[in-house]
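Student:
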Amino acid sequence: MGKLFAVVLVIVALVSAYPIIANKYGMPEDISTHGHLIDDQLHETMWEAGLSFVGAQLVLAFFIWSFTNRKAGSPLKSFPGGAKVMVIAAVLLVGTEILALGVFGQKAWGSVYFTPPKADALQIQAQAGQFAYYFRYPGADGKFGGLHPDKIDEGNQNYFGLDPANEPEARDDIVSGELVVPVNKEIQLLMHAKDVGHSFYVRELRIQQDFVPGLDLAIHFTATKIGRYEIVCTQLCGLGHYNMKAYLNVKSPEDYEKWLKEQAAAL
Amino acid sequence: MQETSAQQAHVHAPPEGFIRKYVFSLDHKVIGKQYFALALVAVFVGMGLSWLMRIHLVWPNSRIPGLELLSKVGAPGGVMTPEYYLSLLTMHGTLMVFFVLTNAPFAALGNYFLPIQIGAEDMAFPRFNMMSFWTTFVAFVVLILAFFIPDGPPIAGWTSYAPLSAVGKDAGPGMQWGESLWGLSIAIFCIGSLLGSLNFIATTLDLRAKGMTLMRMPISTWAWFITSCISLLAFAVLLPACILLVLDRHAGTSFFIPAGLIISDRAQPHAGGSPLLWQHLFWFFGHPEVYIAILPAMGIVSHILINSMRKPLLSAKVIIYSMMSIGFLSYMVWGHHMFVSGMNPMSSLAFSFPTLTITIPATVMTLIWLGSLYGANIQINSASLFSLGFISMFVSGGVSGFFLAQPSIDIYLHGTYFVVGHFHLVMGVAALFGVFSGTYFWFPKMTGRMMNDSWGKLHFLITFIGAYCIFMPFHYLGLVGNVRRYSSFVNDFMGPDLMALHKFITISALVTGAAQFIFLFNLIHSRFKGAPASDNPWNATTLEWSMPSPPPWNNFGDRHPIVYHDPYQYGVRGLKGDFVMQDSPEQAITSGD
Amino acid sequence: MQFKQVVLTGMVMLSTSTLAFAGPSGGTISGKVTYEGTPAKMKPIDMSKEPSCAKMYSTPPLAETVETGAGNTLAYVVVYVSAGAPDDAAPSAAAVFTQKGCRYIPHVLPFQVNQELKIQNEDQTSHNIHPLPKLNREWNKSQPPGSPAITEKYDKAEFIPVKCNIHPWMHGNFAVLKNSHYAVSNEAGAFSLANLPPGKYTITAWQESYGEQSQDVTISGSETKTITFVFKAKPY
Amino acid sequence: MSTASIINPHPASLPSSSADRASRSGIWLGLFTITMSFAAFTSALFVREGTSDWGHIVLPSVLYFNTFLLLCSSGTIEIARRSLVGGRVIDSPKSRKGTIWLLFTLVLALAFCLGQYMAWQQLRAQGFYLATNPNSSFFYVLTFMHVLHLLAGIAVLAYLTGRVLASHTTFRRSLFENTAIYWHFLGILWVYLFVLCRMKL
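Residue numbers (the numbering used here), protein chains in the order written: chain A, 36 to 302; chain B, 116 to 708; chain C, 34 to 269; chain D, 20 to 220.
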């Protein structure tokens, strides 16, 4: 039974590692300017974690194979070097690993959170509510109308609680269920939660950020590839959580302008 | 008050009558069994729920026969609604984390064997001990009630993030009374755990037998001791959090609910609260909770490995110190659950470093276990197999933690199935392997009968392979970006290959779950029909094996055990064989310990 | 647009049903509902979040909170006898509320106190029906595709806004009424209350965003009285 | 014989000292736990203080008087402890004195609870209810939790007083001492809470 278990262990280790090595379930293509840092970080970690995983499992299997139910009288041996070696090995190996990853990781993290958005970044407001996202563009006047929760009227398409009756700058605000952005242009997303906690997750953008009620955050990113990508919610927000999504529609600058005009016309 | 109960304990006569013996018993052994039974019920309920969820996930909107009986509203015509999926998810998480992973390895086995392993007659405060079980039991009943109220169980997940969990019925079905029952249940559970941990610590500190120095305590006892220190701190913080949550829900306060929320077209009458406050309070408990689940397993596994290797670990001290440092570090890392929560990005880095640092003691322990296997003479049986399996699971679950500890990678992996795979392996499966191992190992002592070893091995093989088949693929799904807590996958990227993987997981889950009934049957059958067990069937050294199986009501009878050795005198030439009991005065002829 | 037709047929069915229930034929009150001023412009609904629904429309449908017709007529206005008529027993036929293409059909569904309400989901996605009553008992149920129709009753008269939590744009209305004398104005703003026994009635018209208006009408014999309701429209 | 030993009846199976030590660690662990949970409340208060609607409440003046009462009770229980635990026999003048001080403590404790109730009444009179603003919320929560712990202490005190009054019964010295420790702790805790409320609310 011991030997059987050892074999099972080897098989499990190799089979588990195979899809990763064969990259069967890869990450989607990165379409952001900062994403490659995260990807590098992840691959780096994948190597280290993968090696330690396979290594440990194989060693375990080997020891089980060779040291189970040995014939009587076979002498007990003790690992050369004993605990000291283990401790030193662990501290050195893992310690350096941690430092390395820590340093690189800081770079990737910083590229998302510590670099301020460019002055000319395009500001778009994103509102998450049960169970849909809506995005708001300031419109011709470049100014956002104020938010008045009491004015929210979803049946009437007023998802943000704008007050066009009293606020002229709200009248030309463009509201869309799709996040349409020009390619290669930095976007600053002003995140506002209407009801409970939600999250903004675009796999291709390598961006994930929670919406926190009562706490308006901002993230910024630059999409580098034209296309239509899924925005999904990763923060449990209620019964419709599974179906809370929208699309990030990256257009060429011309198409983007065209789209803006159409939207303005529809107002 | 504890004083009088302590007094009772020491003078308590053999309990008379059914009630005193089995229901409101002061005997730590009976209480341990009660915890075990409760955990057993909870784990099978929780497993059933996970089956329903898995089936619904891969065959969405299919009629699940019989589900309508569970809830007419939740599953009209047997088709699971999205909110009912979340209800099951919440109940699954809560049952497993609190009533299984906290109860089984810590409260159940700890209650039974901690006093015995240190040579005490009972816990320090038997009345508190009884109270802590029955409090926990009430908490369980309150939680289960949620299934039977018209509103249904809560849908906020076991983490109950505010404001979703705090605003009441507008947040959706189950959030009116179900969520309140949840909060109440957890608050009650906290009280039970606090009483229990307090009892564990006092017992370990003050009721040790003569000669039982701290460093002579078995590693399992050390694990339970460290765990009780952790949980004394953790639950003392969760309790206030739950109180504040319940107040927000029913007293109209605004601790967690900010102003201007419109939920279901209704303005919420709250202002100024901070949702992040709940997350901080919850995870300050929540992360140590992970170690409350895994540390006892580590101790049990070390304890059993040594016995089946017939030689001591490379160093028991290092294991103990590692467990201590893990316990200590566990309080500096809660923020790694909140990397993308809107917390100050600076503090994310601050939290990431200690998180990564935990890898060091974890690696040390793993290496010690592995290194100790070298040159050993491993006795293969159900118990040792599960211990060895634990090491494998602990490694697998541990390495995936390495990804999530890094904020930059967490940006991509947070909230995906990668996380699900990670904590199920390391916190769920690994901890349960410890419990299985302990059960197979100690069952003879608890009942005086052996469990069936062949069934045990079968149970192990299926469970081990099954666990990998279920939880490894979760990591792949996570890498693709498959989001967790979805009641069905309407996303574009859920291609046929991913759904195939999900189907595979579901089938593995059904098979592995079914295998657990082998264990259940073995447990019940062996209790009555198992082969009679000697006092020391494993030729083990620690105190629990120096008493009759099953032990008498006052553990050591009138004898006061005296301890002469370190706990693990294996691989020596003793009178009885290759070991020397902790309480036998003989000097072991040994080639160094 | 196909939904207009469905709605209209719905109206017809309703008015005929009221006819059918009438005993001795009485007087009739018919008329028109119009508005003055500029009503809010109905914006196209962005359903991109729910592709299975979005693909059912060649051009995105408009919101229906203010449904206007040629000549400033107002549709979806509930006209009913608010005073002067005795409460009627609920008819045995159920009022049917359908979810199709992520919209409610009809947008405004009138029915009587304790009349059976049947809600069905013809979409390939889960809907969630969440009426927000003030007097009646509140409930909130999801309806996955393939699950049986939900049947409910309301025992108090009121106008109940209905929403789908999963699809924020889905908003409709239940008009729970005491008696069988009611109608919903059609595209042309037309309505007709038939078989009114002689007597003095208060006729009330309700529009979801403009509120209520009432007129007193006295019916003698089997005459037909014509009245009009004019609502003030707001641009925003 | 109407004399009863107050000292430990030395149970058979375990050296009494270890049982006493256990109960002593028990009480300290309990105090640690309570401290932690109030620390949690405090940190919640600090986080909440940062938010927009943080207001201000005027603490009811009766609180100063209550503080005085509770501190006195700490003193009285100390006197009671010294004279009772020291004494060998119940109806010695020394222990009779102790009994009286014990009763004193009980009265003061109840008076404190009454005072806290009056404080709540005063606050309500000002229109500050539990949910009025975060400050009042925290005031009610903190004071109520403290009173809750105090009631537990009162229960034990009452039990002990009963034991002492009904002579020729024995109780354990360590129970008495632990109760005293717990009582002093509640006093300190209250002072802390009072200062906290004073500064933050």
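Heads up, the beta-carbon is just placed ideally off N, CA and C, and yes, glycines get one too.
As the structure is a prediction and not an experimental result, all values here were calculated from the model.
To which residues does DSSP link residue 180 of chain D through a beta bridge?
Tutor: As a first step, residue 180 of chain D is located in the fourth sequence; it is residue number 161 there, counting from the start. Per DSSP, none; premise fails for residue 180 of chain D.
Student: Between which two residues does the beta strand (DSSP E) harbouring residue 164 of chain A extend?
Tutor: Translated into positions along the first sequence, residue 164 of chain A becomes position 129. Run containing residue 164 of chain A: 157-164, per the beta strand (DSSP E) assignment.
Student: Anyone know if the C-beta pair for residue 579 of chain B and residue 596 of chain B falls short of 8 Å?
Tutor: Here residue 579 of chain B refers to the residue found at position 464 of the second sequence. Here residue 596 of chain B refers to the residue found at position 481 of the second sequence. No, they are not a contact pair.
Student: Can you tell me the Cβ-Cβ gap for residue 70 of chain D and residue 389 of chain B, rounded? I've got them flagged as a contact below 8 Å.
Tutor: By 1-based counting over the fourth sequence, the position of residue 70 of chain D is 51. By 1-based counting over the second sequence, the position of residue 389 of chain B is 274. With 8 Å as the limit, residue 70 of chain D and residue 389 of chain B qualify as a contact, their Cβ atoms being about 6 Å apart.
Student: Could you name the residues of the region 167-182 of chain C whose beta carbon sits closer than 9 Å to any beta carbon of chain G, in the order they occur along the chain?
Tutor: In the structure shown, chain G cannot be found, because the protein chains are A, B, C and D.
Student: What are the residues in the region 161-188 of chain A lying within 7 Å of chain C by C-beta distance?
Tutor: 164, 165, 166 and 167
Student: Would you mind reading off the limits of the alpha helix (DSSP H) that contains residue 92 of chain A?
Tutor: Along the first sequence, read from residue 1 onward, the residue named residue 92 of chain A stands at position 57. Counting along the chain, the alpha helix (DSSP H) containing residue 92 of chain A begins and ends at 70-102.
Student: For residue 12 of chain D, would you say it is in contact with chain B, using Cβ-to-Cβ distances shorter than 8 Å as the test?
Tutor: Given a span of 20 to 220 for chain D in the structure shown, any question on residue 12 of chain D remains unanswerable.
Student: With H, G and I counted as helix, E and B as strand and the rest as coil, what does DSSP make of residue 364 of chain B?
Tutor: If you number the second sequence from 1, residue 364 of chain B lands on position 249. If DSSP states are grouped into helix, strand and coil, residue 364 of chain B belongs with the helices.
Student: Beta strand (DSSP E) containing residue 463 of chain B: first to last residue?
Tutor: For the purposes of this step, residue 463 of chain B is taken as residue 348 along the second sequence, with counting starting at 1. Per DSSP, residue 463 of chain B lies in no beta strand (DSSP E) segment; the continuous alpha helix (DSSP H) that holds it begins and ends at 460-488.
Student: Taking the alpha-carbon of residue 623 of chain B as reference, which of B/681, B/582 and B/631 has the nearest alpha-carbon?
Tutor: Taking the first residue of the second sequence as position 1, residue 623 of chain B is located at position 508. Nearest option by C-alpha distance: B/582.
Student: Under DSSP, the alpha helix (DSSP H) around residue 221 of chain C begins and ends at which residues?
Tutor: As a position in the third sequence, residue 221 of chain C is number 188, starting the count at 1. Neither: residue 221 of chain C is in no alpha helix (DSSP H) and is coded neither H nor E.
Student: List, from N- to C-terminal side, the alpha helix (DSSP H) runs of 4 residues or more that fit wholly inside the region 73-151 of chain D.
Tutor: 81-105 and 112-144
Student: By DSSP, does residue 657 of chain B sit in helix, in strand, or in coil?
Tutor: Counting from 1 along the second sequence, the entry for residue 657 of chain B is found at position 542. Here residue 657 of chain B carries a coil assignment [DSSP, helix/strand/coil].
Student: Is the shortest distance between the beta-carbon of residue 137 of chain A and the beta-carbons of chain C less than 8 Å?
Tutor: As a working mapping, residue 137 of chain A is identified with position 102 in the first sequence. Residue-level contact check: residue 137 of chain A does not touch chain C, since none of the beta carbons of chain C fall below 8 Å from its beta carbon.
Student: Sort C/121, C/108, C/134 and C/120 by Cα distance to residue 90 of chain C and report the nearest one.
Tutor: Residue mapping note: residue 90 of chain C aligns to position 57 of the third sequence, counting from 1. Measuring from the Cα of residue 90 of chain C, the nearest candidate turns out to be C/134.
Student: Residue 269 of chain C touches chain A at which residues, Cβ-Cβ below 7 Å?
Tutor: One-based indexing of the third sequence puts residue 269 of chain C at position 236. Residues of chain A passing the Cβ test: 199 and 200.
Student: For residue 400 of chain B, count the other beta carbons within 10 Å of its own beta carbon; 16 or more makes it buried, fewer makes it exposed. Which is it?
Tutor: In the second sequence, counting from the first residue as 1, residue 400 of chain B sits at position 285. So residue 400 of chain B ends up on the buried side.
Student: Run the CB neighbour count on residue 126 of chain D, radius 10 Å, all protein chains shown included, and call it buried at 16 or more, exposed below.
Tutor: For the purposes of this step, residue 126 of chain D is taken as the residue at position 107 of the fourth sequence. When all chains shown are included, residue 126 of chain D counts as exposed.
Student: Measuring only the C-alpha atoms, how far is residue 77 of chain C from residue 69 of chain C?
Tutor: Position 44 of the third sequence, counted from the first residue, corresponds to residue 77 of chain C. Position 36 of the third sequence, counted from the first residue, corresponds to residue 69 of chain C. Cα-Cα distance, rounded: 23 Å.
Student: When you compare only the Cα positions, how much space is there between residue 128 of chain D and residue 273 of chain B?
Tutor: Numbered from 1 along the fourth sequence, position 109 holds the residue referred to as residue 128 of chain D. Numbered from 1 along the second sequence, position 158 holds the residue referred to as residue 273 of chain B. Answer to the nearest angstrom: the Cα atoms are 40 Å apart.
Student: Please name the residue, chosen from C/71, C/61 and C/81, that lies closest to residue 278 of chain A on a Cα-to-Cα basis.
Tutor: As a working mapping, residue 278 of chain A is identified with position 243 in the first sequence. Nearest C-alpha to residue 278 of chain A: C/81.
Student: Use the C-beta contact count for residue 461 of chain B: other C-beta atoms within 10 angstroms, 16 or more gives buried, fewer gives exposed.
Tutor: For the purposes of this step, residue 461 of chain B is identified with residue 346 of the second sequence, where counting begins at 1. Classification of residue 461 of chain B: exposed, given that the 10 Å Cβ count is below 16.
Student: Is there at least one non-hydrogen atom of the ligand SAH closer than 7 Å to the beta-carbon of residue 256 of chain A?
Tutor: No copy of the ligand SAH occurs in the structure displayed, which carries no ligand at all.
Student: Just the chain B side, please: which residues come within less than 9 Å of residue 154 of chain C by C-beta, in chain order?
Tutor: As a position in the third sequence, residue 154 of chain C is number 121, starting the count at 1. Those within 9 Å of residue 154 of chain C in chain B number zero; the least Cβ separation is about 10 Å.
Student: Which same chain residues, not among the five before or five after residue 212 of chain B, have their C-beta less than 7 Å away from its C-beta?
Tutor: Position 97 of the second sequence, counting from 1, holds the residue named residue 212 of chain B. Cβ neighbours of residue 212 of chain B beyond the five flanking positions: 273 and 404.
Student: Does any residue of chain A bring its CB to less than 8 Å from the CB of residue 81 of chain C?
Tutor: As a first step, residue 81 of chain C must be located in the third sequence, where it is residue number 48. Residue 81 of chain C counts as touching chain A.
Student: Buried or exposed: residue 237 of chain B, going by 16 or more other Cβ atoms within 10 Å of its Cβ?
Tutor: Residue 237 of chain B sits at position 122 when you count from the first residue of the second sequence. Classification of residue 237 of chain B: buried, given that the 10 Å Cβ count is 16 or more.
Student: Starting from residue 132 of chain A and walking both ways along the alpha helix (DSSP H), at which residues does that stretch end?
Tutor: Within the first sequence, numbered from 1, the residue matching residue 132 of chain A stands at position 97. Start and end: 117-148.
Student: Within 10 angstroms of the Cβ of residue 68 of chain D, are there 16 or more other Cβ atoms? Answer buried if so, exposed if not.
Tutor: Residue mapping note: residue 68 of chain D aligns to position 49 of the fourth sequence, counting from 1. Its Cβ having fewer than 16 others within 10 Å, residue 68 of chain D is exposed.
Student: Quick check: is the beta carbon of residue 276 of chain A nearer than 8 Å to any beta carbon in chain B?
Tutor: Here the question's residue 276 of chain A lines up with position 241 in the first sequence. Cβ-Cβ to chain B under 8 Å: yes for residue 276 of chain A.
Student: Between the alpha carbons of residue 301 of chain A and residue 142 of chain C, how many angstroms are there, rounded?
Tutor: The residue labelled residue 301 of chain A in the question sits at position 266 within the first sequence. The residue labelled residue 142 of chain C in the question sits at position 109 within the third sequence. Spanning the two alpha carbons is a distance of roughly 29 Å.
Student: State the Cα-Cα distance for the pair residue 540 of chain B and residue 131 of chain D, rounded to the nearest angstrom.
Tutor: Taking the second sequence and counting its residues from 1, the one referred to as residue 540 of chain B is at position 425. Taking the fourth sequence and counting its residues from 1, the one referred to as residue 131 of chain D is at position 112. In this structure, the straight-line span from the alpha carbon of residue 540 of chain B to that of residue 131 of chain D is close to 53 Å.
Student: With a threshold of 8 Å between beta-carbons, can residue 198 of chain B be considered close to chain A, or not?
Tutor: Along the second sequence, one-based indexing puts residue 198 of chain B at 83. With 8 Å as the cut-off, residue 198 of chain B counts as an interface residue toward chain A.
Student: Which class does residue 170 of chain B belong to by DSSP, given the choice of helix, strand or coil?
Tutor: To locate residue 170 of chain B, count along the second sequence from 1; it is residue 55. Three-state DSSP puts residue 170 of chain B in a helix.
Student: Using a Cβ-Cβ cut-off of less than 7 Å, list which residues of the region 45-57 of chain A approach chain B; keep chain order.
Tutor: 47, 51 and 54
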